[in-house]
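Protein chains in written order, with this note's numbering: chain P, 537 to 895; chain V, 537 to 895; chain Z, 537 to 895; chain D, 537 to 895. To start, the structure itself, in structure tokens.
4 protein chains.
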Amino acid sequence: MSFNTFGHVFRFTTWGESHGPAIGAVVDGCPPGIPLSETDIQPWLDQRRPGTSRFTTQRQEPDQVRILSGVFEGRTTGTPISLMIENVDQRSKDYSEVAKAYRPGHADYAYDAKYGFRDYRGGGRSSARETASRVAAGAVARCVIPEVTITAWVEAIGGDAIDPANFDVAEIGRNPFFCPDAQAAARWETLVDAARKSGSSLGAIVACAATGVPAGWGAPLYAKLDAELAAACMGINAVKGVEIGDGFGAATLRGEDNADPMRPGADGPEFLANHAGGIAGGIATGQPVTLRVAFKPTSSILTPVATISPTGEAAEIATRGRHDPCVGIRGVPVVEAMVALVLADQKLLHHAQCGGGIG
Amino acid sequence: MSFNTFGHVFRFTTWGESHGPAIGAVVDGCPPGIPLSETDIQPWLDQRRPGTSRFTTQRQEPDQVRILSGVFEGRTTGTPISLMIENVDQRSKDYSEVAKAYRPGHADYAYDAKYGFRDYRGGGRSSARETASRVAAGAVARCVIPEVTITAWVEAIGGDAIDPANFDVAEIGRNPFFCPDAQAAARWETLVDAARKSGSSLGAIVACAATGVPAGWGAPLYAKLDAELAAACMGINAVKGVEIGDGFGAATLRGEDNADPMRPGADGPEFLANHAGGIAGGIATGQPVTLRVAFKPTSSILTPVATISPTGEAAEIATRGRHDPCVGIRGVPVVEAMVALVLADQKLLHHAQCGGGIG
Amino acid sequence: MSFNTFGHVFRFTTWGESHGPAIGAVVDGCPPGIPLSETDIQPWLDQRRPGTSRFTTQRQEPDQVRILSGVFEGRTTGTPISLMIENVDQRSKDYSEVAKAYRPGHADYAYDAKYGFRDYRGGGRSSARETASRVAAGAVARCVIPEVTITAWVEAIGGDAIDPANFDVAEIGRNPFFCPDAQAAARWETLVDAARKSGSSLGAIVACAATGVPAGWGAPLYAKLDAELAAACMGINAVKGVEIGDGFGAATLRGEDNADPMRPGADGPEFLANHAGGIAGGIATGQPVTLRVAFKPTSSILTPVATISPTGEAAEIATRGRHDPCVGIRGVPVVEAMVALVLADQKLLHHAQCGGGIG
Amino acid sequence: MSFNTFGHVFRFTTWGESHGPAIGAVVDGCPPGIPLSETDIQPWLDQRRPGTSRFTTQRQEPDQVRILSGVFEGRTTGTPISLMIENVDQRSKDYSEVAKAYRPGHADYAYDAKYGFRDYRGGGRSSARETASRVAAGAVARCVIPEVTITAWVEAIGGDAIDPANFDVAEIGRNPFFCPDAQAAARWETLVDAARKSGSSLGAIVACAATGVPAGWGAPLYAKLDAELAAACMGINAVKGVEIGDGFGAATLRGEDNADPMRPGADGPEFLANHAGGIAGGIATGQPVTLRVAFKPTSSILTPVATISPTGEAAEIATRGRHDPCVGIRGVPVVEAMVALVLADQKLLHHAQCGGGIG
């Protein structure tokens, strides 16, 4: 993991800015012979795509992905897979305001502090638009781990959480919030609409479960499965917290309440609980890998906020124009993609050290 | 970051098992000319050392570190620094019980699933004893970042949190809990004693603040400062959650409440809040870098728990003998070390790309 | 260095096949603020471009490079620089012959042995066409090391070497062989023409000198400057040998004849010889870094050669159509590019560990 | 590959100086379950050990290796294997002369230029003593690739080459020169003795062949098998050149003379020649992997050489005391070790991407 590359043996490198001609990802280390075409990738991009409901930014991007290399006659060749998505809706708006004042909560000031200057158009490289590259790369990763099913959903928006009793996985795809609780989805419609109309924004919690991860994937001690997942998810724009299994809740438990007892089962060991979120010692236990990710509220809001200019003068800025009222919603496919990318990498790492076929 | 090595240009590799002859770390990429001797490292190890109070395991380990290379005439030479700590108190106890049944919550089953067999004595490689190597390496890292002050403390044990109003940094070193709130420390004495006596264990939350981190450190997009911190801390034994700044709390906020407004100050920009925990877009903003880490309760408890044997039969296990009633307490110096290691690496990465002296 | 990425902190990743829609490179870790546009890259690509004389392949490729990211208002931003070159002259020839029999000397059999199948059109990923990506990335690297001047030339073709007494650096650009000896260039015209007409091919030796490399660049022990140069050059298509300084010649010398004595000079130390090729202990000494690279003769020849088919039957193959009669000639800009890429990386690595500005 | 670590998934990190208390290597990524003890490592160290004949340095080092971690009940556990060799014969000689003047040909000046100062005792980190760590790590690597047989030998000393007609692999172990030609060995006795007595030194060429490498190992494009071997061998102390297969000789050939024709064989494809040295496109072809490595003459000689002091004054230095008259001789086990380390890594990388058991 270094700069703009993620992963050890299944690796991807992303490039591109919000308002450049295109963005993309190069996926390296993919096993050969895997059927792959744009139609395996596009559906995931469509989930993340902006402009599909009034609860996301109105930037219109078709997010059409092209495979430029690494696939021959419909199958991966084992060489780098170059994925490119053209930027279409680079609205020729006036960015002079963003150029003249740092937007609090955004990376504007930090990028200038680091690099001396920045591409300020639409957030440049720090735009959440880059996550489209992750989703595209993640779609390739999914093909490497057909034994695994990854499902993410929004668990809470602005502090309003789903009722676990209402959890219905089929519901996730039926509403614009990736919400598994139909009642919560109805409440969130009002909640998010209100935030959007008032120019405010809301934070959210995204949960994710990966089932089918074989016991044994993971690489102690400094490529632990949970550590890699933490890095993968904390690196998503707007994320401020990651927990595995019971996470912060585990810090309030006593040992006997946090244990995951085992017993012999028909198909191998069975666990009677999963406080650990499917990972012990950095290695998968075979239980579902579960995690939760905290997204802060979108930093772009209509309320003016005190700030400074690049030359250090006091200023004030309000973000007009297109933005997501709750960036966590579109974080769902991104979390899924990052989890897929970590798992594909760990699968190959495991095969490197401990053997096993491509599967 | 790969297997047993952490970091990009300031890197360390650890080795060793709980009951082998020794454990150690090789620190690579350290700038030359930095004064370094065992006395710069030992005090941090002494903080983590077991057996210093009745609230930690009674294993007696002097944890004396030796520098075997990389230092000449009292200064680092720029070559690898080999640090070794001999294991002294490898109690010749009977491990047949641990060999015969997987301890729930421990890595026993996962290691066997991965590697086919394991060194079961005292947890082998997955023992928290390995964190002594981290603390030793972290002590070297501190010397690389003299501009930074890192302070961690225990914020809650078993759900009983400190009162922020009582926060006194000087108090941290005065009690066996690294607790900045004298009243909480008094309560915890009872709390932890009760857990210890009943053979139970408690979870904890460790908080950490690093001040003096210059704006600009950090490396988007896949070596983001927050992502690296998340990986570093999630990889510590027993950690199940990491958050930066407001973390999961941010997910409940509205955009205007989560903003960190700026204004011109006497010594450059001033921030009016620090919800972001000192990091934006994966890059330090110059504010204190703040994070919180959730430790699960120690998995070793006296209460028997259902489990299975390596051959798959039903079994039951209770962990007698020496263990920490609250492993989070001794997590404090480990969290500090990991934060130091990330920051030293990021400082050098920043110099690689953006220039700047050794400082 | 891993799979399709080269470098530690200044890194590039290439992608693309000979007959896909495009090839490209993503350059990561570039310092910010460096003036860069396509016009800084195109001249180097033009040097490597095929079809410029009758001594190279007649494939017509304009090799127009586009910068898709990482540059804003004419300067690098510190974010990944995506470079793309479209494949234009993918002659729709019949590749069924190449699909049916492994070309000896080419990677056909090895790729199939590794991946199970391959993109056989024009060599697919193993085509020397990929080196255009290296040259493009190398052009960026040159901008990172303005203090260094890199010059490569052809020293021998088919065993016919230049006369060092005739060496004239200005001559290199005046003939189609990158030959610094006008008399040798005249001879090679006949030599290469004859090989071309008879459908044969010739090997070559490319020499390279980098002046201005400051003493101190290099990173012992496993990122030694000479080791990195060796990997960089040995990885170029058709290269079979690399030597630094006197190279294999040094193996015939006695210690006193191989010494590079030093004396005080006006601007620091002066060396009285450079048998070492400017590198000692893996670190630059400040002398010119010199190396020589052996290119085998192009494997594509008209003479039929015995081979087998993918299904294991005996076959015979002759390569008709476009190819370089001496692939070493166009190796010159590629060697220069790889040297530039290694030096840029080593410069930044040096700054990471030992400080120093971007300069 | 970075600083003091070599390899991608099978990796080793070395530490230690010539005159420190010890040197060592940490081997990471080793597959679990492989039988390993000190007796698997010691014989290879004994081959490299100094002081075994009058043709090597008279420093007396038993080079006893200890395994400090990663092995349990006689088998590797998959965790880091820490290997340590104590320095015993750190002769308490006066190093003031070496401290006061840079030894030409050595890394003295370069280290000072890089790091500002150095451990000058016996060459410090740049001493060939470090290669003992490589040999120890290489012995572990051999256990990972039981299908491969690696044999290296000295092919020429001071320009006096063996006669291929006399090649007898059994002879290699019968003389102090690792020479497969008994007649050449007899000549070299006189040759090296004369150099030793006159305080001079001789260069050498070491050749190596690895048989049993399966077709398919290797990782294009920037972890090519030949590129990795080149880096591995060029990084050995005193090495100035590396060639694969016909190497520089291939540069003098015509395409038809350099072809390696194939035909169907009883056990798969058969090659009728091996100019390529068993590697095409960076991937093994299944033929023997062959390479040659050029060692310069030992830089330590009795003849005084002009040099400068660390403060820049003119000086003269002659190296009295213990040294190898031909450092290439003891390079043989080091070349074998590096080849083993590359192959073990490539085997695991291949399994990562393309599957296959531990074997």
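Glycine included, C-beta positions come from ideal geometry on N, C-alpha and C.
Short CB-CB distance (under 8 Å) between residue i and chain P
{"i": "residue 562 of chain D", "result": "no"}
{"i": "residue 565 of chain D", "result": "yes"}
{"i": "residue 605 of chain Z", "result": "yes"}
Run of the beta strand (DSSP E) containing residue i, from where it starts to where it stops
{"i": "residue 777 of chain P", "result": "775 to 780"}
{"i": "residue 723 of chain Z", "result": "Where residue 723 of chain Z is concerned, there is no enclosing beta strand (DSSP E), although the alpha helix (DSSP H) it sits in stretches over 718 to 733."}
{"i": "residue 744 of chain D", "result": "740 to 747"}
{"i": "residue 564 of chain D", "result": "558 to 564"}
{"i": "residue 843 of chain V", "result": "841 to 844"}
{"i": "residue 601 of chain V", "result": "601 to 603"}
{"i": "residue 792 of chain Z", "result": "Looking at the DSSP string, residue 792 of chain Z is not in any beta strand (DSSP E); the run it does join, the alpha helix (DSSP H), is 791 to 794."}
{"i": "residue 830 of chain V", "result": "825 to 831"}
{"i": "residue 692 of chain P", "result": "685 to 693"}
Local conformation of residue i per DSSP, three classes
{"i": "residue 700 of chain V", "result": "helix"}
{"i": "residue 590 of chain D", "result": "coil"}
{"i": "residue 609 of chain V", "result": "coil"}
{"i": "residue 855 of chain P", "result": "coil"}
{"i": "residue 632 of chain Z", "result": "helix"}
{"i": "residue 539 of chain V", "result": "coil"}
{"i": "residue 812 of chain V", "result": "coil"}
{"i": "residue 577 of chain D", "result": "helix"}
{"i": "residue 765 of chain P", "result": "helix"}
{"i": "residue 622 of chain D", "result": "strand"}
{"i": "residue 707 of chain P", "result": "helix"}
{"i": "residue 552 of chain Z", "result": "strand"}
{"i": "residue 585 of chain P", "result": "coil"}
{"i": "residue 802 of chain D", "result": "coil"}
{"i": "residue 714 of chain Z", "result": "coil"}
{"i": "residue 654 of chain Z", "result": "coil"}
Beta carbon proximity, residue i to chain D, threshold 8 Å
{"i": "residue 551 of chain V", "result": "yes"}
{"i": "residue 781 of chain Z", "result": "yes"}
Assumed close pair residue i, residue j - CB separation to whole angstroms, cut-off 8 Å
{"i": "residue 850 of chain D", "j": "residue 799 of chain Z", "result": "6 Å"}
{"i": "residue 819 of chain V", "j": "residue 891 of chain V", "result": "The pair is not a contact, with the Cβ atoms about 16 Å apart (cut-off 8 Å)."}
{"i": "residue 562 of chain D", "j": "residue 549 of chain V", "result": "5 Å"}
{"i": "residue 677 of chain V", "j": "residue 876 of chain V", "result": "4 Å"}
CB contact check: residue i to chain V, cutoff 8 Å
{"i": "residue 835 of chain P", "result": "yes"}
{"i": "residue 619 of chain P", "result": "no"}
{"i": "residue 906 of chain Z", "result": "Nothing about residue 906 of chain Z can be read from this structure; chain Z reaches only from 537 to 895."}
{"i": "residue 881 of chain D", "result": "no"}
{"i": "residue 682 of chain Z", "result": "no"}
{"i": "residue 741 of chain P", "result": "yes"}
Limits of the alpha helix (DSSP H) - the one that residue i falls within
{"i": "residue 870 of chain D", "result": "867 to 890"}
{"i": "residue 671 of chain Z", "result": "667 to 680"}
{"i": "residue 637 of chain Z", "result": "Note, residue 637 of chain Z: premise wrong, no alpha helix (DSSP H); not H, not E."}
Closer than 7 Å at the beta carbon, the chain A residues around residue i
{"i": "residue 732 of chain Z", "result": "Chain labels in this structure do not include chain A; the protein chains are P, V, Z and D."}
Stretch-stretch touch, CB-based, cutoff 8 Å, three pairs: the region 807 to 814 of chain Z with the region 838 to 846 of chain Z
no
Take every Cβ of the region 835 to 842 of chain Z, pair it with every Cβ of the region 640 to 648 of chain Z, and state whether three or more of those distances are shorter than 8 Å.
yes
Tell me, please, whether the region 686 to 706 of chain V touches the region 754 to 770 of chain V by the rule of three or more beta-carbon pairs shorter than 8 Å.
In this structure the region 686 to 706 of chain V does not lie against the region 754 to 770 of chain V, because fewer than three pairs of beta carbons, one per stretch, are closer than 8 Å.
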